[in-house]
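Trainee: This is the structure I have questions about; it appears just below.
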Amino acid sequence: MINKELQSKIQSILHAVQVPGRYTGGEFNQIVKSWNDVGLRIALLFPELYDLGMSNLGLMILYDIINQIPDYAAERAFLPWPDMEEAMRDNNIPLYSLETKNPLADFDILAISIPYESLYTNVLNALDLAGLPLYSSDRSIEHPLVIAGGHSVFNPEPISPFIDAFVIGEGEEVTLEILSIFKEDSPRKIPRDIALEKLIGIEGVYIPSLYKDHYHPSGNFSHLEKTNQSAPNIIKKRIVAKLPNPPVKPVVPYIDTVHNRAPLEIMRGCTRGCRFCQAGIITRPVRERTIEEIIHSIETLIPNTGYSEIGLLSLSSSDYTHIIQLVEEINNHFEGQNISISLPSLRIESVSVELMDALAGKRRSGFTLAPEAASERLRKIINKPISDEQLLDTSKEIYKHGWHTIKLYFMIGHPSETISDVHAIADLSRKVLAEGKQIIGNRAQVHVSVSTFVPKPHTPFQWVGVAPQNEIEKKIDLLQKEVRGRGLKLNWNDPKETHFESWLSRGDRRLSEVVHRAWKLGAKFDAWREFFNYDLWMDAFSQIGLDPEFYTTRDRDPDEAFPWDHINSGVNKSFLLQDYQWSQNEKTRMDCREDCYACGILPAYNDLRHQNPGPHWLCPEVNR
Amino acid sequence: MKQQRLRIHFSKTDQMRFTGHLDLILTWERIFRRSGLPLAYSEGFSPRPLLSMAAPLPLGFTSIGEIGDFWLSEIVQLNTVQSNVKNALPPGLEIHSVHEIPDLFKGKLPSLIIAAKYSSKLIGDVRNLDKRIKELLDTPALIWERKGKSFDIRPLITDLVLAKQTQKSSAELFMTLSNLPGATGRPDDVIAVLNVADKVEQICRTEIILKDEVL
Numbered sequence: 001m002i003n004k005e006l007q008s009k010i011q012s013i014l015h016a017v018q019v020p021g022r023y024t025g026g027e028f029n030q031i032v033k034s035w036n037d038v039g040l041r042i043a044l045l046f047p048e049l050y051d052l053g054m055s056n057l058g059l060m061i062l063y064d065i066i067n068q069i070p071d072y073a074a075e076r077a078f079l080p081w082p083d084m085e086e087a088m089r090d091n092n093i094p095l096y097s098l099e100t101k102n103p104l105a106d107f108d109i110l111a112i113s114i115p116y117e118s119l120y121t122n123v124l125n126a127l128d129l130a131g132l133p134l135y136s137s138d139r140s141i142e143h144p145l146v147i148a149g150g151h152s153v154f155n156p157e158p159i160s161p162f163i164d165a166f167v168i169g170e171g172e173e174v175t176l177e178i179l180s181i182f183k184e185d186s187p188r189k190i191p192r193d194i195a196l197e198k199l200i201g202i203e204g205v206y207i208p209s210l211y212k213d214h215y216h217p218s219g220n221f222s223h224l225e226k227t228n229q230s231a232p233n234i235i236k237k238r239i240v241a242k243l244p245n246p247p248v249k250p251v252v253p254y255i256d257t258v259h260n261r262a263p264l265e266i267m268r269g270c271t272r273g274c275r276f277c278q279a280g281i282i283t284r285p286v287r288e289r290t291i292e293e294i295i296h297s298i299e300t301l302i303p304n305t306g307y308s309e310i311g312l313l314s315l316s317s318s319d320y321t322h323i324i325q326l327v328e329e330i331n332n333h334f335e336g337q338n339i340s341i342s343l344p345s346l347r348i349e350s351v352s353v354e355l356m357d358a359l360a361g362k363r364r365s366g367f368t369l370a371p372e373a374a375s376e377r378l379r380k381i382i383n384k385p386i387s388d389e390q391l392l393d394t395s396k397e398i399y400k401h402g403w404h405t406i407k408l409y410f411m412i413g414h415p416s417e418t419i420s421d422v423h424a425i426a427d428l429s430r431k432v433l434a435e436g437k438q439i440i441g442n443r444a445q446v447h448v449s450v451s452t453f454v455p456k457p458h459t460p461f462q463w464v465g466v467a468p469q470n471e472i473e474k475k476i477d478l479l480q481k482e483v484r485g486r487g488l489k490l491n492w493n494d495p496k497e498t499h500f501e502s503w504l505s506r507g508d509r510r511l512s513e514v515v516h517r518a519w520k521l522g523a524k525f526d527a528w529r530e531f532f533n534y535d536l537w538m539d540a541f542s543q544i545g546l547d548p549e550f551y552t553t554r555d556r557d558p559d560e561a562f563p564w565d566h567i568n569s570g571v572n573k574s575f576l577l578q579d580y581q582w583s584q585n586e587k588t589r590m591d592c593r594e595d596c597y598a599c600g601i602l603p604a605y606n607d608l609r610h611q612n613p614g615p616h617w618l619c620p621e622v623n624r
Numbered sequence: 001m002k003q004q005r006l007r008i009h010f011s012k013t014d015q016m017r018f019t020g021h022l023d024l025i026l027t028w029e030r031i032f033r034r035s036g037l038p039l040a041y042s043e044g045f046s047p048r049p050l051l052s053m054a055a056p057l058p059l060g061f062t063s064i065g066e067i068g069d070f071w072l073s074e075i076v077q078l079n080t081v082q083s084n085v086k087n088a089l090p091p092g093l094e095i096h097s098v099h100e101i102p103d104l105f106k107g108k109l110p111s112l113i114i115a116a117k118y119s120s121k122l123i124g125d126v127r128n129l130d131k132r133i134k135e136l137l138d139t140p141a142l143i144w145e146r147k148g149k150s151f152d153i154r155p156l157i158t159d160l161v162l163a164k165q166t167q168k169s170s171a172e173l174f175m176t177l178s179n180l181p182g183a184t185g186r187p188d189d190v191i192a193v194l195n196v197a198d199k200v201e202q203i204c205r206t207e208i209i210l211k212d213e214v215l
């Protein structure tokens, strides 16, 4: 069932490339089905290197649920590193699946996972390497149907002309609905427009070719006009009422990958409402797994994979309702088995230190805290209200419990930030270090990571401009001068990368021409510092005749229409605007599990919740 | 902690040939965890699994003659080890034998190696290969360089023969290369010295020869 011809061509070039183990497939737990005996073949593409893509939970979930159905085959594909790409192009080897080594162009459906915007040129490169036309309008019955999903497609417009259909939101159920539509007739057997029409009416599916974009004379986005009357006005994101069973038999890579561990999602969504955080809005509502399910999943994952590390994933581990009990249970079950459990995203409070202390075993590298802003005023503005005292107390506990290094994450560039807020980053970092020095002397370290705020669609800050590059540079210069000395280390982002992320985040459909041109000029692997080329993107903007500042530094009016307004995250735009206005008055919102602020999620999914009652869904009960 | 020492002979082929030495060690640790066998771990701040491979295999080479030592923290019957490990192997790894080494501590695998055998298939104009082999074997010394280090490659070549079914454009070569203090013979170096092949199809380590086994 392996495509022997392509396989032998691939094998003949592998000796000449770096890390050939990325390109062979055949790993433990890989699922290979008989190519000719299944009804639908789905290529799952992660448009990045294998080493990163193999750690992507979304891909693992889809691989698992699709392959559970005997009549469907899901196979994996990743983007080759440029040395392999060159060898493939020289030898006429198209992008292929790792399982059966079939060209992606031979699949029925090509499903692309796009969690972040910097992958857009990789998407184009992958389509090209697969030998497929880049534009949806140039593809037909002869090509696989190209579907994309992932967090970044909550604003699908900058890549909408390249994709046949988007899946907005959680993929577990809607993916199977889409596949069942094509169970009898593959998209390779029916004309493309009819295939797309079959998708109309599936909640969460957005077919960009059924809409035309319009703009005001000012250049601002005006609206999307439907070109097919059955197309929905609003595309409401999909959620699952209850988290389905997690994948417990993931593929185990032969080579080292970025997170070489078994991931296990313990909770989806977050109720903290940090105003800069897109994930916190678009993954609402909070749904948790039970402790029993988590313990049972770990017990299954270990013998299935042999992994010694399990990563418990969520946006905010501390907010898992029974987190203390969970950690106790894990220790009871797995002590002495040489298993390590990681618990990322802990809140800044002493309980977090106790949790990590219970889990971390003897090895203690760095302890990460993300205050995001260094002044209490700015932390109120971004709705991450913790006090300096709380941060310092927590730091003290961390050093007392045997850690030598604290990693502090800060964000600069918020429009409300003053220069004294930037000084405060240096001051606070030094105060944290001073706590450490009192306890463990000169072994104490503080690593300060500073990133620049990028306003994201569907967040309360979607109206604000990103900071101009010269302002960011000034702030970084200041930090470089002040965050130095024994025990202090500073990392920062290139403001050019920040702007790149910013124009892609809030781009409209016109921006797709810039993405296309940048790819033509050679842009790929933009997320890698060694490949990102700012000047090339500037060339692409000027050749297409668009101004990057329009997308980046410009403040939006409260009543401006956004290119992503047709994508509904379940949270109302009016709520986001109110939250933005509250931020300007330094008004915070507490954990919305305790007090509902009527963001819109509950009415949006009221029926779903009532059809699936239970304690797993953590919005408070409110009057309907 | 160490209760039992196992010596496993195994092969590493197919996709596994692109798994490097450190990743192979990680793979074995995972195999044991999947198998449910009680692999022993070192004490200290970062416990490491107690296992050791005889000799790293260069990336891309296959082998049907690998050897590894593994320590268990409880004594397990050999046939149980054999079947449990077998069920937990990834594609590309196969075990040939499992036996027990009575001494838990003495005789570290890498120090026991005296030589290794390799086979390889050469593609190219191999008509002169016979002559080249004879010339090489008749040379008393031949200085060769690898990664900027010069060494005499000749004493490392214990045996070098051509398989009988030689054709004009391809040939199969067998060699035995010694481990001498500070130098280990590499088959790709020997092939480079011969300088006849356009392409080397596949190099396979067929055997690792240990001290005891020769005596």
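Chains as they are written, first to last, in the numbering used here: chain A, 1 to 624; chain B, 1 to 215.
A virtual CB, placed ideally from N, CA and C, is assigned to each residue, including glycine.
By the 7 Å beta-carbon criterion, what residues does the stretch 30 to 62 of chain B contribute toward chain A?
Mentor: Here the close residues are R30, I31, R33, R34, G36, Y41, F45, S46, P47, G60.
Trainee: Consider the Cβ of P187 of chain B: report whether some Cβ of chain A lies at a distance smaller than 8 Å.
Mentor: Here residue 187 of chain B refers to the residue found at position 187 when the second sequence is read from its first residue. No, P187 of chain B lies away from the interface with chain A (no Cβ there is under 8 Å from its Cβ).
Trainee: Thinking C-beta only, is G25 of chain A closer than 8 Å to Q202 of chain B?
Mentor: As a working mapping, residue 202 of chain B is identified with position 202 in the second sequence. As a working mapping, residue 25 of chain A is identified with position 25 in the first sequence. Going by C-beta atoms, Q202 of chain B is not nearer than 8 Å to G25 of chain A.
Trainee: Please report the distance separating the alpha-carbon of V446 of chain A from that of V351 of chain A.
Mentor: Counting from 1 along the first sequence, the entry for residue 446 of chain A is found at position 446. Counting from 1 along the first sequence, the entry for residue 351 of chain A is found at position 351. Looking at the two C-alpha atoms, the distance is approximately 20 Å.
Trainee: Any idea what DSSP makes of K474 of chain A, helix, strand or coil?
Mentor: Stepping through the first sequence from its first residue, residue 474 of chain A is reached at position 474. Helix at K474 of chain A.
Trainee: Please report the straight-line C-alpha distance between E117 of chain A and Q462 of chain A, rounded to a whole angstrom.
Mentor: By one-based count along the first sequence, residue 117 of chain A stands at place 117. By one-based count along the first sequence, residue 462 of chain A stands at place 462. Their Cα atoms are separated by approximately 16 Å.
Trainee: Tell me, to the nearest whole angstrom, how far the beta carbon of V466 of chain A is from that of G507 of chain A; I am working on the premise that it is less than 8 Å.
Mentor: Taking the first residue of the first sequence as 1, we reach residue 466 of chain A at position 466. Taking the first residue of the first sequence as 1, we reach residue 507 of chain A at position 507. Their Cβ separation, rounded to whole angstroms, is 13 Å, which puts V466 of chain A and G507 of chain A out of contact at 8 Å.
Trainee: Give the C-beta separation of P187 of chain A and I109 of chain A to the nearest angstrom, bearing in mind that I take them to be a contact with Cβ-Cβ under 8 Å.
Mentor: Here residue 187 of chain A refers to the residue found at position 187 when the first sequence is read from its first residue. Here residue 109 of chain A refers to the residue found at position 109 when the first sequence is read from its first residue. Indeed, because the Cβ distance is near 6 Å, the residues count as touching under 8 Å.
Trainee: Count the other CB atoms, across all protein chains shown, that sit within 10 Å of the CB of D23 of chain B; report buried if there are 16 or more and exposed otherwise.
Mentor: Locating residue 23 of chain B in the second sequence gives position 23, where the first residue counts as 1. With 16 or more Cβ atoms within 10 Å of its Cβ, D23 of chain B is classed as buried.
Trainee: By the three-class DSSP mapping on this structure, what secondary structure does N92 of chain A have?
Mentor: On the first sequence, residue 92 of chain A is found 92 positions in, with the first residue counted as 1. N92 of chain A falls in the coil class under three-state DSSP.
Trainee: Answer with yes or no whether the minimum CB distance from S574 of chain A to chain B is below 8 Å.
Mentor: Taking the first residue of the first sequence as 1, we reach residue 574 of chain A at position 574. So no, S574 of chain A is outside the interface.
Trainee: Give every residue of the same chain whose Cβ lies closer than 7 Å to the Cβ of Q390 of chain A, excluding the five residues on either side of it in the sequence, and list them in chain order.
Mentor: As a working mapping, residue 390 of chain A is identified with position 390 in the first sequence. If we look at Q390 of chain A and ignore the five residues flanking it on each side, its Cβ neighbours are I348, E349.
Trainee: Specify, as a first and last residue, the run of the beta strand (DSSP E) that P110 of chain B falls within.
Mentor: The residue given as residue 110 of chain B occupies position 110 in the second sequence. Run containing P110 of chain B: none in the beta strand (DSSP E); it sits in the alpha helix (DSSP H), 109 to 112.
Trainee: Just reading off the alpha helix (DSSP H) that V446 of chain A is part of, what are its end residues?
Mentor: Counting from one through the first sequence, the residue named residue 446 of chain A turns up at place 446. Unbroken run through V446 of chain A is the beta strand (DSSP E), 445 to 452; no alpha helix (DSSP H).
Trainee: Exposed or buried, which one is F218 of chain B when buried takes at least 16 other CB atoms within 10 Å?
Mentor: What is shown of chain B runs 1 to 215, which leaves residue 218 of chain B out entirely.
Trainee: Is the stretch 200 to 211 of chain A touching the stretch 221 to 235 of chain A in the sense that three or more CB pairs, one from each, lie closer than 8 Å?
Mentor: With a cut-off of 8 Å, the stretch 200 to 211 of chain A and the stretch 221 to 235 of chain A count as touching, because enough Cβ pairs lie within range.
Trainee: Please give the ranges of any alpha helix (DSSP H) in the stretch 578 to 619 of chain A, keeping only runs that are unbroken, at least 4 residues long and fully inside the region.
Mentor: Within the stretch 578 to 619 of chain A, the complete alpha helix (DSSP H) runs of at least 4 residues are 601 to 604, 606 to 611.
Trainee: Give the list of continuous beta strand (DSSP E) stretches no shorter than 3 residues that lie fully inside the stretch 108 to 164 of chain A.
Mentor: Complete beta strand (DSSP E) runs here, min 3: 109 to 113, 145 to 149.
Trainee: Looking only at its chain, what residues have a beta carbon closer than 6 Å to the beta carbon of G20 of chain B, apart from the 5 residues adjacent to it on each side?
Mentor: As a working note, residue 20 of chain B is residue 20 in the second sequence. For G20 of chain B, where only same-chain residues beyond five positions count, the Cβ hits under 6 Å are L59.
Trainee: Taking Cβ positions only, does F541 of chain A come closer than 8 Å to chain B?
Mentor: Translated into positions along the first sequence, residue 541 of chain A becomes position 541. Not one chain B Cβ lies under 8 Å of F541 of chain A.
Trainee: Using the Cα positions of A74 of chain A and N3 of chain A, report the straight-line distance between them to the nearest angstrom.
Mentor: Here the question's residue 74 of chain A lines up with position 74 in the first sequence. Here the question's residue 3 of chain A lines up with position 3 in the first sequence. Each residue's Cα considered, the two are about 16 Å apart.
Trainee: Grouping DSSP H, G and I as helix and E and B as strand, with all else coil, what is N493 of chain A?
Mentor: In the first sequence, counting from the first residue as 1, residue 493 of chain A sits at position 493. The answer is coil: DSSP assigns N493 of chain A none of H, G, I, E or B.
Trainee: Considering only the beta carbon of each residue, do G570 of chain A and I601 of chain A sit closer than 8 Å?
Mentor: The sequence position of residue 570 of chain A within the first sequence is 570, counting from 1. The sequence position of residue 601 of chain A within the first sequence is 601, counting from 1. It is a contact, given that the beta carbons lie within the stated cut-off.
Trainee: Roughly how many whole angstroms lie between the Cα atoms of S152 of chain A and N29 of chain A?
Mentor: Translated into the one-based positions of the first sequence, residue 152 of chain A becomes position 152. Translated into the one-based positions of the first sequence, residue 29 of chain A becomes position 29. Cα-Cα distance, rounded: 29 Å.
Trainee: Output needed in chain order: residues of the stretch 85 to 115 of chain B with a Cβ under 9 Å from some Cβ in chain A.
Mentor: Answer in chain order: A88, L89, P90, P91, G92.
Trainee: Taking only the alpha-carbon atoms, compute the straight-line gap between K33 of chain A and L45 of chain A and give it to the nearest angstrom.
Mentor: Position 33 of the first sequence, counting from 1, holds the residue named residue 33 of chain A. Position 45 of the first sequence, counting from 1, holds the residue named residue 45 of chain A. So the two alpha carbons sit approximately 17 Å from each other.
Trainee: Count the C-beta pairs between the stretch 471 to 486 of chain A and the stretch 127 to 139 of chain A that are closer than 8 Å, then say yes if the count reaches three, no if not.
Mentor: Segments in contact, no.
Trainee: Rounded to whole angstroms, what's the CA-CA distance from I25 of chain B to M53 of chain B? Just pull it up for me.
Mentor: Counting from one through the second sequence, the residue named residue 25 of chain B turns up at place 25. Counting from one through the second sequence, the residue named residue 53 of chain B turns up at place 53. One C-alpha to the other measures close to 8 Å.
Trainee: Less than 8 Å between the beta carbons of V146 of chain A and V174 of chain A, yes or no?
Mentor: Reading the first sequence from its first residue, position 146 is the one you call residue 146 of chain A. Reading the first sequence from its first residue, position 174 is the one you call residue 174 of chain A. Not in contact: V146 of chain A and V174 of chain A (Cβ atoms no closer than 8 Å).
Trainee: In terms of residue numbering, what span does the alpha helix (DSSP H) encompassing Y534 of chain A cover?
Mentor: On the first sequence, residue 534 of chain A is found 534 positions in, with the first residue counted as 1. Residues 534 to 544.
Trainee: Using 8 Å as the threshold, is the stretch 154 to 174 of chain A in touch with the stretch 234 to 253 of chain A, meaning 3 or more CB pairs across them?
Mentor: Judged by Cβ distances under 8 Å, the stretch 154 to 174 of chain A makes contact with the stretch 234 to 253 of chain A, as three or more pairs qualify.
Trainee: In chain A, what lies closer than 8 Å to D23 of chain B by C-beta?
Mentor: The residue you call residue 23 of chain B lines up with position 23 of the second sequence. Near D23 of chain B (Cβ distances below 8 Å), the residues of chain A are G21, Y254, I255, D256.
Trainee: Between A:A148, A:F107, A:S230, which has its C-alpha nearest Y120 of chain A's C-alpha?
Mentor: To locate residue 120 of chain A, count along the first sequence from 1; it is residue 120. Minimum Cα distance to Y120 of chain A is reached at A:A148.
Trainee: How close, in whole Å, do the beta carbons of A43 of chain A and F107 of chain A come, if the pair is a contact with beta carbons under 8 Å?
Mentor: Position 43 of the first sequence, counted from the start, is the residue given in the question as residue 43 of chain A. Position 107 of the first sequence, counted from the start, is the residue given in the question as residue 107 of chain A. Right, the Cβ-Cβ distance comes to about 4 Å (below 8 Å), so this counts as a contact.
Trainee: What are the residues of the stretch 287 to 312 of chain A that lie near chain B, defined by any Cβ-Cβ distance shorter than 9 Å?
Mentor: Cβ contacts with chain B: I302, P303, N304, T305, G306, Y307, S308.
Trainee: Can you tell me which of A:L52, A:I281, A:I339 puts its alpha carbon nearest to the alpha carbon of T305 of chain A?
Mentor: Here residue 305 of chain A refers to the residue found at position 305 when the first sequence is read from its first residue. Residue A:I339 is the option with its Cα nearest to T305 of chain A.
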